[in-house]
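Worksheet: one structure, shown below.
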Amino acid sequence: MIPPTFEYHAPKTVGEAIGLLGSLGGDAKLLAGGHSLLPMMKLRFAQPEHLIDLNRIAELRGVCEKGDVVCIGAMTVENELIASPVLQAKAPLLVQAAKLIADPQVRNRGTIGGDIAHGDPANDHPALALALGATFVLQGPGGRRSVKADDFFLGTYMTALAEDEILVQIDVPAFAPKTGYSYTKLKRKTGDWATAGAAVVMRMDGGKVSHLRIGLTNLAPAALRATAAEQALIGQPINDATLDAAAKAAMAACDPAEDLRGSVDYKRAMAGQMLKRALREAATRCQ
Amino acid sequence: MAKKLISVTVNGRVQDKAVEPRTLLVHFLREELNLTGAHIGCETSHCGACTVDIDGQSVKSCTHLAVQCDGSEVLTVEGLAQAGVLHAVQEGFYKEHGLQCGFCTPGMLMRAYRFLQHNPSPSEEEIRAGMSGNLCRCTGYQNIVKAVQYAAAKLQQTAKEAA
């Protein structure tokens, strides 16, 4: 399968890329790792006239720490997330999760920004960003603006990113000491999307949950923040009864689509299981 | 659409070519350079039969544009053997019967080559994780794991002798 014809552009700076996006308009698509876009082009689900390749923009890659915030360049690839000492120390959820995304070769190309901006509910980074309380930095012709992950995912392939904007950076609050975390992902094989996935960031105080954010993967038209499940656990200890209550609340919020991975009921049940496992693992890491 | 001029080093040889932007790297290698080792399998970046090395990293060449390789160094399975002597990973697949039909083998070899550069003495579990982006429909993977173990031991022995 060969993609349809297009003009190729390889800007060296973000400014240049935004200029191209402005002049080429809706006929252009941004190319990050290409592992969603190129297969879609082969199948003619996408037929952009122009591709703007972001891979040669050095300023979009890398992880750094600014005070209490970890800043991740949007073109940082999954294997760079796994290898990052800053993330290992300050946001290890992303290290654990990136190892569960795709396979070793794809992790050399797939980027955190592409995964988020694509708006696919089956991608893993949207739910992770919800759990982390991340903020996305979007840059357009008028400058930069910040959008919280909570306000970014509007529906399947729909995000708050405007047509003339580029997602340039992901800001993640650095983990305070004793922050627990976990990402659990049920998948049929390496490289598959999640049948159900749960991302958890948790802190405890005196044996009770004091901070909790939950993001769910591939269980609704967009990545889902399970706020009712969070509320069910805040102020509570972690035990079988409270975990059941949280899982029930999360399952009620899920709206998965039936496909070869399973029926709606099966996926909802697996959402509950993945969430319980993630909460248990996160709790053990709060000590 | 206008062709783009690219300069890419493949198996040590500089190739200056004009390519259509939509040309995938695997097609460029197979049809432009007649390097048919990298195979076209699933075409959706799942099976790994098209795996090559770009600038020291394993990449699936069915999901990479040739034009993106301008200025890069690409290594394919044709570049593994040196002066007619098989590379340790090739010898391993041969000795341990790491293939039956052979379709996945070029991708397996290129992935094993790069994996062992990153992790010269892997556990069995690490080999299975490191090779998880390559599918094989014949072997059940057991002999592929053994082949990678053989190559790891051989490479370590060679390094020791050189030291």
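Going line by line, the protein sequences match chains B and A. The first sequence begins at 1 in the working numbering and counts up by one. The second sequence begins at 1001 in the working numbering and counts up by one. From the three backbone atoms N, C-alpha and C, an ideal C-beta is built for every residue, glycine too.
CA-to-CA distance, residue j to residue i, given in whole angstroms
i                : j                : result
L30 of chain B   : A91 of chain B   : 27 Å
P237 of chain B  : A196 of chain B  : 25 Å
N1034 of chain A : V1026 of chain A : 11 Å
A247 of chain B  : Q273 of chain B  : 7 Å
I52 of chain B   : G1071 of chain A : 18 Å
P8 of chain B    : H50 of chain B   : Reading off the sequence shown, one finds Tyr at residue 8 of chain B, where the question assumed Pro. In a straight line, the C-alpha of Y8 of chain B is about 6 Å away from that of H50 of chain B.
M1131 of chain A : P141 of chain B  : 43 Å
P48 of chain B   : I166 of chain B  : 17 Å
K66 of chain B   : V172 of chain B  : 10 Å
L130 of chain B  : V95 of chain B   : 16 Å
Rounded Cβ spacing between residue i and residue j (contact assumed at less than 8 Å)
i                : j                : result
Q1090 of chain A : L1080 of chain A : 6 Å
I214 of chain B  : I170 of chain B  : With a Cβ gap of about 19 Å, I214 of chain B and I170 of chain B do not count as contacting.
K946 of chain A  : Y1141 of chain A : Since the first residue of chain A shown is 1001 and the last is 1163, residue 946 of chain A is not available in this structure.
K1003 of chain A : V1014 of chain A : Rounded, the Cβ-Cβ distance is 18 Å, inconsistent with contact.
A249 of chain B  : A226 of chain B  : 7 Å
C1136 of chain A : M1110 of chain A : C1136 of chain A to M1110 of chain A, Cβ: 14 Å. No contact.
A245 of chain B  : L216 of chain B  : The Cβ separation is near 16 Å, so there is no contact.
G180 of chain B  : A283 of chain B  : 6 Å
A17 of chain B   : I72 of chain B   : About 18 Å separates the two Cβ atoms, so there is no contact after all.
L93 of chain B   : Y183 of chain B  : 6 Å
Contacts of residue i in chain A (Cβ-Cβ under 7 Å)
i               : result
L38 of chain B  : T1063
N108 of chain B : Q1057, S1058, V1059
Reduced DSSP category for residue i - H, G, I as helix; E, B as strand; rest coil
i                : result
P173 of chain B  : strand
R225 of chain B  : strand
D205 of chain B  : strand
I238 of chain B  : coil
C64 of chain B   : strand
T1009 of chain A : strand
L93 of chain B   : helix
A117 of chain B  : helix
T190 of chain B  : coil
L1024 of chain A : strand
E1031 of chain A : helix
E80 of chain B   : helix
M75 of chain B   : coil
T1105 of chain A : helix
Beta-bridge partners of residue i, as assigned by DSSP
i                : result
D1164 of chain A : An answer regarding residue 1164 of chain A cannot be provided, because it is not within the stretch 1001 to 1163 covered by chain A.
T217 of chain B  : B:G197
T184 of chain B  : B:A198
M1131 of chain A : DSSP, once it has assigned bridges, lists no residue as partnering M1131 of chain A.
I166 of chain B  : B:Q139
L54 of chain B   : For L54 of chain B, which the question treats as bridged, DSSP gives no partner whatsoever.
L43 of chain B   : Answer is none; L43 of chain B lacks a bridge partner.
Amino acids of chain B, ordered along the chain, whose beta-carbon sits closer than 9 Å to that of residue i
i                : result
Q1149 of chain A : Going along chain B, no residue has its Cβ under 9 Å from Q1149 of chain A, so there is no contact; the nearest lies around 18 Å.
Chain-ordered chain A contacts of residue i [CB-CB under 8 Å]
i               : result
T190 of chain B : S1132, G1133
T5 of chain B   : M1001, E1020, P1021, R1022
Contacts that residue i makes with chain B (C-beta to C-beta distance below 7 Å)
i                : result
P1106 of chain A : Going along chain B, no residue has its Cβ under 7 Å from P1106 of chain A, so there is no contact; the nearest lies around 13 Å.
Contacts of residue i in chain B (Cβ-Cβ under 8 Å)
i                : result
K1004 of chain A : Y8
T1139 of chain A : Within 8 Å Cβ-Cβ: nothing; T1139 of chain A doesn't reach chain B, min ~17 Å.
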